[in-house]
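See structure below.
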């Protein structure tokens, strides 16, 4: 065994076989592409399956209502599509190998398996699971595949082609097998396996038509009421197939790019084990080996037909390679030239072509590129020249066994190999293959260019010395011309491929005759080449005519039947060439038409007629051959070669009928055989007539040279009359251009491909969207609470910001589980909401905290609908088109139209939301906000105040709950103190003070503790000190600002009020105070801007301006502000309490009539009294000498700390004290308290009131808070 394992290289560069960056990049790209394809495919499969399950589960639970029947139809369609997708996953792809290959075993082939195992170990690859010996000129890896192989690798088998082993030596075979073991060792082979599995799935989806397609076709042909289901499903199936096909193209491109890198990598593995030359030499031999094998197979077919089966095809292969070396005049055909030892690293066996097939579709690199990769780091190593066949035990028996396996049926009696080789020698002894003819008759016709026989001769025929003329034929320069013509034709095809985009320039640069070209220059280069080709073709055709003419002239000299013999052979050759060309052209037309009409996957009636016409064109071409067969006359030599005395006997009886729309399928199956048989017969006739023509011309030349005028003993052959001619360039017209629709369906071209992908994607996306909405309930959740919440409906969760909303898509079912949590995780509410019994839309108003308004937006000429339906319902079904969003400004359509809208109102002051709401609903709304609004939310204190007024017993537990969640909830702390009785307040304050002491860093607890101190300078100073310690706490800012304002430190107070006004919780209250202060200081005030930040200020200004109060009792305040006192009282007549308040103000105003004063005195003692009106009533009563006790008591009771100061101030004014004395008596009071005192002074003193007091009252109080003071 050791002697059969070639020696490896002595030195191998480190990391030679390490994966390159290109390799790794392409591996990742292939993985990403494959992963994307699988994700999309599995996603679609899962979605269809889940949709069917989800809808069915909902329907079985009783959902669907009136739409249940249609939803069951959708369930069936979704299940159908899920099965359609899933069916492609069920496959078991057996390894693609030659079933005639022999499985080899270690027992039968010990030397081979020892060789393979050692080579696998040296390559670091797993040993092959099984080894097969086939007849192919190849070696490769193959394995079985199923869906399980996505996870579990298949065991790899090795196929060794005996046609390859037959032509290689041991060193070269080791290199080839090392290359295959390099693939065994590649981890990226898994990518190829995965891509191949994906390819099976894609091919199953795109190409396979089975029972499901028949179901669709049947559905589409039923009554229209059912057929639309089949049409719709067919469209969806088409879209899925289109997307799968296009998507998989990308996967294939990435995998093919990786395959090229894998080939390079495997080549380096081979080089590391066998050196840089062995694999290159094997690649060089492969082309000759493959050509020889194909020729050997055709030879075997001919011999089998003649009853002489070939025993050893591989002996034939080797002999053919030898003969083709002579025929092609290529000494290097199948033989490796000697590598120069001194320049081995730089020697290149393969040369770069002008262009290569586009790398987009190539899986194997060009041989020149592979050689360059292998020799980039040259590794010297001797090549074991012993035949590779020595590895096989009983090699000759294996050769004969494999040869026998290529035949089907019972094994015939094989002839000896010597007999087959002798016949092969006779075939290669054909004159047309002789190098004497300079290759002029290899692979070309010498008669196709002529439309008549006369055109194949010169006119007149040559005269003079004919022997000299004969000697001048087939000169070496004529061979050079034909070689040059073939080379130029190959170059012309390459350049055309470059211009069309099917090829790419080697290395990315196109070099032509030493000059680099751009694609724009190609047309001009091709035009120049066409002119060169025209000259070359004319020269070669001229030589053809000269050969025919000189020999015919010589035959005319000899006479004796020779001229007629030559003309007869040439006529038969001309007929055979044109008959072959005509039939091949008709066949090509038929095939191109067939592929054109099926390109889009369906055949229309028009396309079917077009295909039938092409079929019948082929049928007529065939029939012409058979109809004219009787006219063709064979002579004895032709009959001997063809084996039949008559040409008709070489053809079967013609029984192919014309095609029509009914028999098209069977006709196409039958036509294949007829075309093949006829082409083979015509080819044999052409070869025989050419051979006899050349033999006859040789005989004429020989007799002329010898002066022998012996007449010919052969009768001339004769061709039919009027046979079809098919000159080059006169092929049948082909109407194969596809229209836009066909190109769209076939994705032929960039634009059609993009369009088809776009349309198919749109359909699939539309189906996904529609399926997602069917059986789904939309729930629009709105958070009217003034803190973020998390809403969960049937397991779906979403975070809703303050005054924000979210639309849930949940399965339609009888009930929906709803749970909402606060930002700290506390459960706000949890309940089971009723479903609709049908697909619908629900509105969820979190905690019932928002005011819901149902209304209609009008469009076009529709009258504005002012009706409004208000509610605070927590859960309701709705048919509104715009839910919690603004309706569009415009809609399409004509005439008058309405659009239902559901609007949520939140984030407003309580009085705006409550309005005239029934008490029970009002209490629920108040409780929701008082319980769950954030501590820093605007209006929280107002909500709590409302709750204290209408449900005082509910407030303590609510406050305790809030403080348990957040002990520093400052609004709750304040409300605990303010709502407590004097006895309770002591306990509350003890707790607050203790909490503040326990957490000295808490500004909120410190604030609450300070509030527990008795009112006075000490508490005010404590607030100022705390604000200094915690300068950013808004509550301390407000308290310190109030302390400064009481002591007339107005700039300091304003600065702190401005800071406190930035806090949402304080803005509504503080901004009006800030306006009073700024006006009192005679500063400019931006009322519109401040009113936007404070609804309380906006409402106050609206009362003064009358905006929005028209037609309501509140418009009396506007009248009061402008001094229309009687009107002010009259406007409020509809509201007795409001009228009483206005009457107090009006009677105390400047210019009040005696009647107004009389009416004010007539009011009940406490009617209309509040902290503001009480001051006016007290001052008026004191001025008029009435009883002041009721008004005085009301003011003192409701003004807190300010009341005592106001009382002292009034007493001082009544006593006639000076302005300074009265101010001193007033002392430290709030801005509002000071304004009330000044307004009372204005009422008491009238025109005698100091201007500063009158102005101060107007600055510190708004028009709705005081009498009219001019």
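Numbering (the numbering used here), first residue to last: 4 to 1273. Even glycine gets a Cβ: it sits at the ideal position worked out from N, Cα and C. Computed from a prediction, not measured in an experiment: that's the story for all the values here.
Please report the distance separating the alpha-carbon of residue i from that of residue j.
i, j, result
"residue 39", "residue 49", "15 Å"
"residue 970", "residue 1069", "20 Å"
"residue 373", "residue 380", "12 Å"
"residue 22", "residue 779", "52 Å"
"residue 357", "residue 485", "In this prediction, residue 357 has a pLDDT of 48, which is less than 50 and means its spatial position is unreliable; what the coordinates show is noted afterwards. Going by the C-alpha atoms only, they are around 21 Å apart."
"residue 568", "residue 709", "20 Å"
"residue 163", "residue 316", "16 Å"
"residue 1192", "residue 1242", "18 Å"
"residue 364", "residue 263", "Interpretation of residue 364 is limited by its pLDDT of 35, a score under 50 that renders its predicted location unreliable; the figure taken from the coordinates is listed afterwards. Each residue's Cα considered, the two are about 10 Å apart."
"residue 1057", "residue 1086", "11 Å"
"residue 668", "residue 614", "11 Å"
"residue 914", "residue 1114", "19 Å"
"residue 266", "residue 529", "34 Å"
"residue 349", "residue 446", "35 Å"
"residue 801", "residue 987", "42 Å"
"residue 12", "residue 277", "6 Å"
"residue 1013", "residue 965", "21 Å"
"residue 1273", "residue 922", "41 Å"
"residue 647", "residue 639", "10 Å"
Identify which residue in the options has its Cα closest to the Cα of residue i.
i, options, result
"residue 723", "938, 1135, 908, 651", "651"
"residue 1207", "84, 1219, 1239", "1239"
"residue 1006", "991, 989, 1037, 1019", "1037"
"residue 845", "1034, 816, 708, 315", "816"
"residue 1091", "1084, 1108, 960, 1085", "1108"
"residue 300", "728, 318, 1106", "318"
"residue 588", "736, 552, 782, 866", "736"
"residue 165", "105, 119, 58, 1003", "105"
"residue 160", "1148, 535, 130, 178", "130"
"residue 813", "784, 824, 1048", "784"
"residue 1226", "865, 383, 1049, 850", "1049"
"residue 1053", "1077, 712, 524", "1077"
"residue 1019", "78, 549, 1233, 796", "1233"
"residue 584", "466, 610, 451, 353", "451"
Residue j and residue i - do their beta-carbons sit closer together than 8 Å?
i, j, result
"residue 903", "residue 925", "no"
"residue 917", "residue 852", "no"
"residue 581", "residue 390", "no"
"residue 849", "residue 908", "no"
"residue 383", "residue 281", "no"
"residue 51", "residue 81", "yes"
Per DSSP, which residues does residue i bridge with? Please list them.
i, result
"residue 878", "847"
"residue 858", "904"
"residue 636", "721"
"residue 802", "793"
"residue 144", "161"
"residue 1120", "In DSSP, residue 1120 forms no bridge with anything."
"residue 811", "782"
"residue 172", "390"
Within 10 angstroms of the Cβ of residue i, are there 16 or more other Cβ atoms? Answer buried if so, exposed if not.
i, result
"residue 1271", "buried"
"residue 288", "buried"
"residue 655", "exposed"
"residue 601", "exposed"
"residue 937", "buried"
"residue 700", "buried"
"residue 543", "buried"
"residue 827", "exposed"
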